[in-house]
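Notes follow once the structure below has been shown.
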Amino acid sequence: LHFLSFSPSKSESNSELRSQKVLSGISKFFSKQLNNLMNNIKVAVIGANGVGKTCLLVQLTRNTFNEDYTPTIQDMFEKKITYQGQEYTLKITDTGGKDENANLTDSAIKESDAFVLVYSIISENSFTKVQDNYQKIKQLNPKNSNRIVIAGTKSDLESERMVPEKKAFDYSVQISAGF
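As numbered in this note's numbering, residues 2 to 180 make up the sequence shown, in order.
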């Protein structure tokens, strides 16, 4: 399993490196299953409100970092990747983390080929939400519930960590997810 830990950085080179780390982790974990998918892969990024889903995706797809927090209802991103000479387009749904967006999140889960469950290392509640969202994926999209990566954000706030890395890693092993 590949550990994904994301921390925003203002540095262009660090931004690119972190984006590549996340993309590499997603690609490696799903590589065994890419041959079974079409060239467009729908990925839903799901997590509690304020964990950094949008920040992660903006950095991944646009190589920029925005310090301002703007709550998301739902947004779409695209990222082209090449794996074993084959080009794929990740069509990424950035879901809103608020409970009032639950219907949109449910639709994204039903329509997705793969998932990134995001939590903040400084919020135990956000990790509990990862566990809740996994159960929702199993219920709404069981055929793709084995295509999950768990990503911890805000690793630059290590001194404030509330979710032990081992706890998150052990959970990823339990559900056979990338980490």
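Note that CB positions come from ideal geometry on N, CA and C, so glycine has one too. No experiment lies behind these values; they were computed from the predicted model shown.
Near residue 107, what residues of its chain come up, given a Cβ to Cβ distance below 8 Å and the 5 sequence neighbours on each side ignored? 137, 141
By how many angstroms is the C-alpha of residue 54 removed from the C-alpha of residue 79? 14 Å
Residue 148: buried (16+ other C-beta within 10 angstroms of its C-beta) or exposed? buried
So, for residue 130: in the same chain, excluding its five sequence neighbours on each side, which residues have a beta-carbon less than 6 Å away from its beta-carbon? 49
Can you list, in chain order, the residues of its chain with a C-beta nearer than 7 Å to that of residue 91? Leave out the 5 residues immediately preceding and following it. 42, 44, 79, 80, 82
Do you know how far the Cα of residue 40 is from the Cα of residue 177? 24 Å
Just how far apart, CA to CA, sit residue 1 and residue 123? The shown model of the chain, from 2 to 180, leaves out residue 1, and the question about it has no answer.
Just to confirm, is the Cβ distance from residue 77 to residue 94 under 8 Å? yes
Of the residues 158, 173, 51, 134, which one's Cα is nearest the Cα of residue 182? The question about residue 182 has no answer here: the residues shown for the chain are numbered 2 through 180.
Grab the span of the beta strand (DSSP E) containing residue 96 for me, first residue to last. 87 to 96
Sequence-distant residues of its chain with Cβ nearer than 6 Å to residue 146 (five each side left out): 138, 139
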